[in-house]
Structures are given as structure tokens and as C-alpha cells.
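**Student:** If you're matching positions, the sequence shown starts at 42 in this note's numbering and goes up one per residue.
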Amino acid sequence: MRRVSFLCTVFMISPTLALGCSEPSSDVRIPRAPSKISQPSCVLYSNCSEYDMRSYKNDVATYIRALTEYAEDAADAADAAKNFASDAADYARCEGSDASSRIR
42 MRRVSFLCTV FMISPTLALG CSEPSSDVRI PRAPSKISQP SCVLYSNCSE
92 YDMRSYKNDV ATYIRALTEY AEDAADAADA AKNFASDAAD YARCEGSDAS
142 SRIR
């Protein structure tokens, strides 16, 4: 019973001593932007075949999909970075509290 009382006191007085501070881990993955597409040279001279234009339109559509995916991945990375920053701040507060309680 004495141990339980002691542990309860430790938990109440300094939860950081009892549980320890957990250093955050980063799972932030920065996405790579898709490479730009270039227009066919025939566009400059206005002599593109139907095939050239269809191919270029398909390339543009693929590029737009890649940009959309990139934007979604970037938003996910930003959310992960915000979570990491919050966890890092909690860790710093915990470590500070732990260090402060050791001084007393």
C-alpha cells in the first residue's frame, strides 16, 4: 500500500518524471513538383497535325493531374509538419518541466 501511495504522489506531483518525455518523430515527406511540360514546336508555327494537338492535350491533362496530386501531397506534408511542430512544443515543455522539477 505504501508503494501505491508513493507512485500516486509521484504521478500527481510530476507526471513527466513518472512517464518521461517522448521525443517526437517526424514523418514529414516533402513532395516533388512535377516537371513542366513543353509545348510542341509546331504550335509556334501553327502547323500542328491533329495527332500533335491531341498528344499535347493529353500531356497537359496528365500534367494537371500531377499538379493536383502534388497540391494534395503538399497539403498533407504541411499538416504533418504542423503536427510535428505541436508535438515538438509539447516535448520541449515536458523536458523543461522535468528539468525544473529536478532543480527543486
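C-beta atoms are modelled at their ideal positions from N, C-alpha and C, and glycine is treated no differently.
Residues in its own chain within less than 7 Å of S96 by CB, not counting five upstream and five downstream?
**Tutor:** Start at 1 with the first residue of the sequence shown, and residue 96 comes out as number 55. Here S96 has no same chain residue with a Cβ atom under 7 Å from its own Cβ, once five neighbours each way along the sequence are excluded.
**Student:** To the nearest angstrom, how far is it from the Cα of S90 to the Cα of E110?
**Tutor:** Sequence index remark: in the sequence shown, residue 90 carries index 49 (1-based). Sequence index remark: in the sequence shown, residue 110 carries index 69 (1-based). Spanning the two alpha carbons is a distance of roughly 30 Å.
**Student:** Take R143 and list the residues in its own chain whose beta-carbon comes closer than 6 Å to its own, dropping the five residues that flank it on each side.
**Tutor:** Position 102 of the sequence shown holds residue 143. Excluding residues within five positions, none has a Cβ falling inside 6 Å.
**Student:** Can you look up D162 in the DSSP assignment and give me helix, strand or coil?
**Tutor:** An answer regarding residue 162 cannot be provided, because it is not within the stretch 42 to 145 covered by the chain.
**Student:** Just to confirm, is the Cβ distance from Y104 to I78 under 8 Å?
**Tutor:** Translated into the one-based positions of the sequence shown, residue 104 becomes position 63. Translated into the one-based positions of the sequence shown, residue 78 becomes position 37. Yes; because the gap between Cβ atoms is below 8 Å, this pair is in contact.
**Student:** Assuming contact is defined by CB atoms lying nearer than 8 Å, are V69 and A118 in contact in what I supplied?
**Tutor:** What you label residue 69 is simply residue 28 of the sequence shown in a count that begins at 1. What you label residue 118 is simply residue 77 of the sequence shown in a count that begins at 1. In contact: V69 and A118 (Cβ atoms closer than 8 Å).
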